[in-house]
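Residue numbers (our numbering), protein chains in the order written: chain A, -3 to 142; chain B, -3 to 142; chain C, 547 to 623; chain D, 547 to 623.
The C-beta atom is built at its ideal place from N, Cα and C for all residues, glycine as well.
The model shown is predicted, which means the values in this text are computed figures rather than measured ones.
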Amino acid sequence: MNIELRAAPFEPLVELARYQSGLDESQSGQYGATAILIGTMRDANDGATVSGLTLEHYPGMTERYLQRSVVSAFQQWPLLDVLLIHRVGALQPNDPMVLVAVWAAHRAAAFAGCRFLMEELKSNAPFWKREDTAAGPRWVEHNTPG
Amino acid sequence: MNIELRAAPFEPLVELARYQSGLDESQSGQYGATAILIGTMRDANDGATVSGLTLEHYPGMTERYLQRSVVSAFQQWPLLDVLLIHRVGALQPNDPMVLVAVWAAHRAAAFAGCRFLMEELKSNAPFWKREDTAAGPRWVEHNTPG
Amino acid sequence: MAVQIKYFASLRDRLGRAGDRLEVVDGLTVAGVWATLWPDTPLPPNTLTAVNLDYADLAQLVADGDEVAFFPPVTGG
Amino acid sequence: MAVQIKYFASLRDRLGRAGDRLEVVDGLTVAGVWATLWPDTPLPPNTLTAVNLDYADLAQLVADGDEVAFFPPVTGG
């Protein structure tokens, strides 16, 4: 299991390959399903062009909240492993923002765990987006529904 | 959009990276969410050790069914792109079996499209698994629930 | 007037062959194709059927040149 | 007896600072912390509150050394 906040750009597929190569050998042959969600910065939101985005978090609380969310996911579903990476700081359009990968024996648990963690990230973990638009910076007031 | 049956082993993360690098440039900045499900061959099923697996399909009908499923997904949700690769032939434990990747502006559509396509693959597309066990080969009679 | 018949997976193994060819008459259904070919073998429960690469039900009429398939529940993905 | 207070995102911008320090008395709640610091500014609707890095409600009592945070609805992911 790995949970990380990243202050610099990252490549989700590279991170996945690296993490996958280090998966628990003793569970080899049990990984039947991997559910992955990659969130990427879009260049438009709420009717405006967005040229950049800053992700603020609450150092200490954000890490703690994500850790608890992952523990909760393991309690709710039979998961084998979780990788969660979330950007903080300044992003540009098309930059990866979040990666959630969940390994399980079967797809139902993998999907459910991945969705749960995404909803936790979106709705409860302390992150805030500030967008740069032609009219200046603005705080994002609400998320899209899951 | 790409739908493929593969007779030889494939690397889902490599395929994803390759496909992603060729995504429609005109939609750059719109890809907010990518939902991915990777199915991998497990080394045990229904209480027996499984040393190998053969995936049979119905040439012609399987491709046609998958094509229609993807069209149906595009009709049901606002999707931007889909990559679907399914193995056929002989597999060994830990071999990737299926990759479904769905690009959309928002995670709800990406997740929903990916789940739908997985359920189509599992429940309706003409594929059949024959497992090699210590007691000899056996046809898989039912799938795990989604 | 003839149709091609295909069997897949465990059903093919059970029947001992991958297909058949059948001269058919007007008004024959998918169920009728099976009954003609396998008069002593009831169609196994849950068998799926397709005509010309699309799922079809047992009551569907078959026509000259059709491809009719019988196969067990699918287990892909 | 004192607590540290933190503000985040749009709330910090609106208040013009990232935090405060407040000497507190026994029985003070999270709501009381805000009312003491910002007597003329009602807590904005939907503001979230945390004590010592966990979500807390407005009625929670604060104690010496606590870190109390006020912030707008979250928009991560």
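Residue environment, A:SER124, which counts as buried when at least 16 other CB atoms sit within 10 Å
A quick correction: the sequence has Trp, not Ser, at residue 124 of chain A. A:TRP124 should be labelled buried.
Given B:VAL67 as reference, the closest of B:VAL78, B:MET57 and B:THR58 once Cα atoms are compared:
Of the candidates B:VAL78, B:MET57 and B:THR58, the one whose C-alpha sits nearest the C-alpha of B:VAL67 is B:VAL78.
May I have the straight-line CA-CA distance separating B:PRO5 from C:GLY622, to the nearest angstrom?
In this structure, the CA atom of B:PRO5 is about 16 Å from the CA atom of C:GLY622.
Listing by chain order, which chain B residues have their CB less than 8 Å from the CB of C:PHE617?
Those are TYR54, PRO122 and TRP124, listed as they occur along chain B.
So, does the CB of D:VAL620 fall closer than 8 Å to a CB anywhere in chain A?
Yes - at least one Cβ of chain A is within 8 Å of the one on D:VAL620.
Boundaries (first-last residue) of the beta strand (DSSP E) holding D:ASP566:
Taken as a continuous stretch (DSSP letters only), the beta strand (DSSP E) holding D:ASP566 covers 565 to 569.
Determine, for B:VAL67, whether the minimum Cβ-Cβ distance to residues of chain C falls below 8 Å.
When Cβ-Cβ separations below 8 Å define contact, B:VAL67 makes no contact with chain C.
Whose CA, out of A:LEU76, A:GLN88, A:GLU137 and A:GLU127, lies closest to the CA of A:SER22?
Across the set A:LEU76, A:GLN88, A:GLU137 and A:GLU127, the C-alpha of A:LEU76 shows the shortest separation from the C-alpha of A:SER22.
Specify the secondary structure class of D:ASP612 as computed by DSSP and reduced to three states.
Three-state DSSP puts D:ASP612 in coil, outside helix and strand.
Taking Cβ to Cβ, would you say A:TYR61 is nearer than 8 Å to A:ASN120?
Yes. Within cutoff.
Distance, Cα to Cα, A:GLY85 vs A:LEU51?
Whole-angstrom Cα-Cα distance: 5 Å.
State the start and end residues of the unbroken beta strand (DSSP E) segment that holds B:SER47.
Annotation: the continuous beta strand (DSSP E) that includes B:SER47 extends over 44 to 53.
Would you call the region 108 to 116 of chain B and the region 574 to 586 of chain C touching, i.e. three or more CB-CB distances under 8 Å?
Remark: fewer than three beta-carbon pairs, one from each stretch, lie closer than 8 Å, so the region 108 to 116 of chain B and the region 574 to 586 of chain C are not flagged as touching.
Just the Cα atoms here: how many angstroms apart are A:GLY18 and B:GLU7?
Straight-line Cα distance between these residues: approximately 16 Å.
Relative to the C-alpha of B:THR30, which residue among A:GLY132, A:GLU115, A:ARG126 and A:VAL94 is closest?
Cα-wise, what sits closest to B:THR30 is A:VAL94.
Could you tell me whether the Cβ of B:ARG60 comes closer than 8 Å to any Cβ of chain C?
Closer than 8 Å: yes.
C:GLY573: contacting residues in chain B (beta-carbon distance under 9 Å):
Below the 9 Å Cβ cutoff, chain B contributes no neighbours of C:GLY573, its closest Cβ being approximately 25 Å away.
Assumed close pair B:ARG134, B:ARG2 - CB separation to whole angstroms, cut-off 8 Å:
Not quite, the Cβ-Cβ distance comes to about 24 Å (not below 8 Å), so this is no contact.
Considering only residues of the same chain and omitting the five flanking positions on each side of D:ARG558, which have a CB-CB separation below 7 Å?
The residues ALA564, in chain order, have a CB closer than 7 Å to that of D:ARG558 in the same chain once the five nearest residues on each side in sequence are set aside.
From A:ARG64 to A:LEU117, what does the alpha carbon distance come to, in whole angstroms?
If you draw a straight line from the Cα of A:ARG64 to the Cα of A:LEU117, it comes to about 11 Å.
Identify whether B:ASP20 lies in helix, strand or coil by the three-state DSSP scheme.
In the structure shown, B:ASP20 sits in coil (DSSP, three-state: anything other than H, G, I, E or B).
Residue range of the alpha helix (DSSP H) that includes A:ALA3:
Where A:ALA3 is concerned, there is no enclosing alpha helix (DSSP H), because DSSP gives it neither an H nor an E.
Just to make sure I have the definition right: I need the residues of chain B whose C-beta is within less than 8 Å of the C-beta of C:ALA555. Which are they?
Chain order gives the chain B residues near C:ALA555 as GLU52, TRP124, ARG126 and TRP135, where near means a beta carbon separation below 8 Å.
Where the alpha helix (DSSP H) through B:TYR61 begins and ends
That run of the alpha helix (DSSP H) goes 57 to 72.
Against chain A, with Cβ distances strictly below 8 Å, would D:LEU589 count as a contact?
It does not: the Cβ of D:LEU589 has no partner Cβ on chain A nearer than 8 Å.
Any C-beta of chain B sitting closer than 8 Å to the C-beta of A:PRO89?
Yes, its Cβ sits closer than 8 Å to a Cβ of chain B.
In or out: A:GLU11 buried (at least 16 other Cβ within 10 Å) or exposed?
With a threshold of 16 other beta carbon atoms within 10 Å, A:GLU11 meets it and is buried.
Looking at chain B, is there any beta carbon in it that lies within less than 8 Å of the beta carbon of C:GLY611?
Under the Cβ criterion of 8 Å, C:GLY611 is not counted among the residues facing chain B.
Taking the CB atoms as reference points, tell me whether A:MET114 and A:LEU49 lie closer together than 8 Å.
Here A:MET114 is not near A:LEU49, since their CB atoms are 8 Å or more apart.
Can you give the Cα-Cα distance for D:VAL608 and A:TRP99, rounded to whole angstroms?
Rounded to whole angstroms, D:VAL608 to A:TRP99 spans 40 Å at the Cα level.
For C:ASP559, report the span of its alpha helix (DSSP H) as first-last.
Taken as a continuous stretch (DSSP letters only), the alpha helix (DSSP H) holding C:ASP559 covers 555 to 561.
A:SER47 classed as buried or exposed, judged by whether at least 16 other C-beta atoms fall within 10 angstroms:
Exposed, since its Cβ has fewer than 16 Cβ neighbours within 10 Å.
Is A:GLN26 close to chain B? Criterion is C-beta to C-beta, closer than 8 Å.
Contact with chain B is found for A:GLN26, since one of that chain's Cβ atoms lies less than 8 Å from the residue's Cβ.
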